[in-house]
Amino acid sequence: AQSVTQLGSHVSVSEGALVLLRCNYSSSVPPYLFWYVQYPNQGLQLLLKYTSAATLVKGINGFEAEFKKSETSFHLTKPSAHMSDAAEYFCAVTLRGTGANNLFFGTGTRLTVIP
Amino acid sequence: EAGVVQSPRYKIIEKKQPVAFWCNPISGHNTLYWYRQNLGQGPELLIRYENEEAVDDSQLPKDRFSAERLKGVDSTLKIQPAELGDSAVYLCASSFWTSGRDTQYFGPGTRLTVL
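Rendered as structure tokens:
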């Protein structure tokens, strides 16, 4: 079975501070990992994804994430938070080589940016 | 290029009434997904289509939910009869599936409220 765990349902940071959103995965085979962002009343938008190339993945809006197999983690970071980063962030996993592309999502982390 | 289109955006019905949601995927995408997102949770897959074929409907409550994707393009998800617990956001996504690493593009969702 595969799953992701997002530690912290709510994270607050000051504008300009480091953003760190945590995601740990569980998978019986090598995974593909994704971070999506959801703004209020909108669908999910892909921030970045890990598909077994470089372990440090850069995404849109200045976000990046590092795949660490030894820690089974895929944490999302951004050096300096902007007010526009306030949203819900979801980590998701799917499995390589299974012939399926079903995403399994975490429960989400709501990011608040304090002016 | 147009994104995934869903309608209606909002729907309020009384329990035991039927309801239907419509999705038009991105042009050329052969794979279509329906997810349900309960309040405060990540999306959960209901059904996945590859072209016209439902290849994974294991999480679809078949006693009251049905879906179709005629001609392998747009899709309809139906609930009959609706229950209070069906209140959620129903998200449609599409991708051009090749290997499992593909990006899924999400529509804005339909927010269903069952009274």
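Residue numbers (the numbering used here), protein chains in the order written: chain A, 767 to 881; chain B, 142 to 256. Cβ atoms here follow ideal geometry from the backbone N, Cα and C, with glycine treated the same way.
Is the beta carbon of F870 of chain A sitting closer than 8 Å to the one on V770 of chain A?
yes
Pairwise C-alpha distance: S836 of chain A and V214 of chain B
42 Å
Reduced DSSP category for N827 of chain A - H, G, I as helix; E, B as strand; rest coil
helix
Do L211 of chain B and Y231 of chain B have their C-beta atoms within less than 8 Å of each other?
no
Residue of A:T875, A:E854 and A:Q768 minimising C-alpha distance to S792 of chain A:
A:Q768
Name, please, each residue of chain B whose Cβ falls closer than 7 Å to the Cβ of L812 of chain A.
T244
Considering I220 of chain B, what are the terminal residues of the beta strand (DSSP E) in which it resides?
S216 to I220
The beta strand (DSSP E) spanning I153 of chain B covers which residue range?
Y151 to I154
Report all residues from its chain with a CB closer than 7 Å to the CB of F840 of chain A; omit the five preceding and five following residues, and keep chain order.
C789, Y791, L799, Y816, A831, F833 and C857
Spatial neighbours of L786 of chain A within its chain, please: C-beta separation below 7 Å, excluding the five flanking residues on both sides.
H841 and T843
With DSSP collapsed to three states, give me the class of S769 of chain A.
strand
Grab me the residues of Y805 of chain A's own chain with a C-beta within less than 6 Å of its C-beta, minus the 5 sequence neighbours each way, in chain order.
A853
For D204 of chain B, count neighbouring Cβ atoms within 10 angstroms of its own Cβ and tell me buried if that reaches 16, exposed if not.
exposed
So what does L784 of chain A bridge to, in DSSP terms?
The partner list for L784 of chain A (beta bridge, DSSP) is empty, contrary to what the question assumes.
Cutoff 8 Å; reference V196 of chain B; Cβ partners in own chain excluding five residues on either side:
R189 and Y190
Which whole-angstrom value is the C-beta distance of T875 of chain A and P797 of chain A, which I expect to be below 8 Å?
T875 of chain A to P797 of chain A, Cβ: 19 Å. No contact.
Sort out for me which residues DSSP pairs F247 of chain B with in a bridge.
B:A234
Taking 8 Å as the threshold (C-beta atoms), are L784 of chain A and W801 of chain A in contact?
no
Neighbour list for G874 of chain A in chain B, Cβ cutoff strictly below 9 Å:
G181, Q182 and G183
What residue range is occupied by the uninterrupted beta strand (DSSP E) comprising T172 of chain B?
T172 to Q178
Where do the ends of the beta strand (DSSP E) carrying I188 of chain B lie?
E185 to E191
Where W163 of chain B and Y855 of chain A are concerned, what is the direct C-alpha to C-alpha distance, given to the nearest angstrom?
26 Å
Report yes if the C-beta distance between I153 of chain B and L225 of chain B is below 8 Å; otherwise report no.
no
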